[in-house]
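With my numbering as the guide, the letters of the sequence shown map in order to residues 544 to 772.
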Amino acid sequence: MLSLLTACPLAALGQETIPERSPRSEPATAPHLELDEPAEEPEVAPEKRRFLKRIGPQPVTPEQREEAERLRKLAAKYGTDPTAIVGRVQMSSQYLDLPQGARASTTIARVDLPFRRDYLLRVDAPFLKWSDPDRPGATSAQGFSDLAVTLGWRAYNTPEYAVVIGALTTMPTASETGLGLGKYTVGPTLATARFVPRWDSFLIGVFTQQLSVVGAPELQGAVEYLTPD
């Protein structure tokens, strides 16, 4: 009979067994903290950009946009929106109580002719003007005044913001010397209408500059800044 013997390593006499060494443990490293770099400060916009952004179009809600559209339609209907491109024939009268006791009144026939969607030709005919300078030796005058013609182009248009730029010229058609400038004038004009949600209304501005070009030599040149309407 065969016997199976298991062979196992035997330590030699007089020789100690070397215990197995456990793997050397590395010293624990302290957690590494990364310092956050200071956030970059946003660039400060120039004052000019802030001003233009403040007076330019502002974001509005759908409800505010609907209200702005309603108000602009009413203003266009009654002729109080200088940026509206609509056809109309309108009569208006104005009385002025001037310094040093002077008085004046003007009745104007206005005709607006729109064309090519964003263009407007406007004619103002002051057919009845009365002026009382209330000065010794000066008499009152009454009659036709200077005819004014404006050609405008609507450069920007949304329900809440609109801009119209153009040119204005006047002609010396006055029937009396004291009722007009006596010279041809020409100059730029700018009109804006901006919806103010806080007040549920529109802020309207008109700037016009007139420079005299030709006319009666005995009359001085005229430079005027007007805000009609």
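From the three backbone atoms N, C-alpha and C, an ideal C-beta is built for every residue, glycine too.
Taking the continuous beta strand (DSSP E) assigned at residue i, which residues delimit it?
{"i": "PRO669", "result": "662 to 675"}
{"i": "LEU690", "result": "690 to 701"}
{"i": "THR736", "result": "Note that residue 736 is Ala in the sequence shown here, rather than Thr. Here the beta strand (DSSP E) through ALA736 covers 726 to 739."}
{"i": "GLN601", "result": "Note, GLN601: premise wrong, no beta strand (DSSP E); not H, not E."}
{"i": "GLY709", "result": "704 to 714"}
{"i": "GLY686", "result": "684 to 686"}
Is residue j closer than 9 Å to residue i when the C-beta atoms are compared?
{"i": "GLU606", "j": "PRO702", "result": "no"}
{"i": "ALA710", "j": "LEU690", "result": "no"}
{"i": "VAL629", "j": "ALA652", "result": "no"}
{"i": "LEU664", "j": "SER688", "result": "no"}
{"i": "THR713", "j": "VAL739", "result": "no"}
{"i": "TYR727", "j": "SER755", "result": "yes"}
{"i": "TYR704", "j": "GLN601", "result": "yes"}
{"i": "ASP677", "j": "ALA627", "result": "no"}
Nearest by alpha-carbon distance to residue i: which of the options is it?
{"i": "LEU671", "options": "THR626, SER636, LEU746 and ARG615", "result": "SER636"}
{"i": "THR650", "options": "LEU746, LEU639 and PHE658", "result": "LEU639"}
{"i": "VAL757", "options": "THR751, GLY725, ALA619 and PHE750", "result": "GLY725"}
{"i": "LEU614", "options": "VAL749, LEU663 and ARG737", "result": "ARG737"}
{"i": "PRO625", "options": "THR682, THR735 and LEU754", "result": "THR735"}
{"i": "GLN643", "options": "SER718, THR716, VAL654 and PRO679", "result": "PRO679"}
{"i": "ASP661", "options": "LEU746, VAL707, SER718 and THR712", "result": "VAL707"}
{"i": "TRP673", "options": "PHE750, THR720, LEU733 and THR732", "result": "THR720"}
{"i": "PRO657", "options": "LEU641, GLU610, ALA705 and GLY695", "result": "GLY695"}
{"i": "THR751", "options": "ALA705, VAL666, LEU733 and GLY686", "result": "LEU733"}
{"i": "ALA647", "options": "ALA618, SER683 and GLN753", "result": "SER683"}
{"i": "ARG608", "options": "THR623, ASP675, ARG697 and ARG741", "result": "ARG741"}
{"i": "GLN685", "options": "GLN753, SER718, VAL654 and TYR621", "result": "SER718"}
{"i": "GLY748", "options": "GLY730, THR623 and LYS616", "result": "THR623"}
{"i": "ARG697", "options": "ASP675, THR716, ARG659 and VAL729", "result": "ARG659"}
{"i": "ASP619", "options": "VAL729, ASP655, LEU641 and ASP675", "result": "The question names Asp, but residue 619 is Ala in the sequence shown. Nearest of VAL729, ASP655, LEU641 and ASP675 to ALA619, Cα basis: ASP655."}
{"i": "VAL729", "options": "VAL666, LEU641, GLN753 and MET634", "result": "GLN753"}
{"i": "ASP641", "options": "LYS616, TYR621, ASP675 and LEU617", "result": "The question names Asp, but residue 641 is Leu in the sequence shown. Minimum Cα distance to LEU641 is reached at ASP675."}
{"i": "MET773", "options": "THR716, LEU746 and VAL666", "result": "The chain is shown only over 544 to 772; residue 773 falls outside these bounds and no answer can be derived."}
>> Extract the residue ranges of the alpha helix (DSSP H) inside the segment 604 to 673, only unbroken runs of 4 or more that lie entirely within it.
In response: Taking only runs of at least 4 residues, the alpha helix (DSSP H) segments lying wholly in the segment 604 to 673 are 605 to 621.
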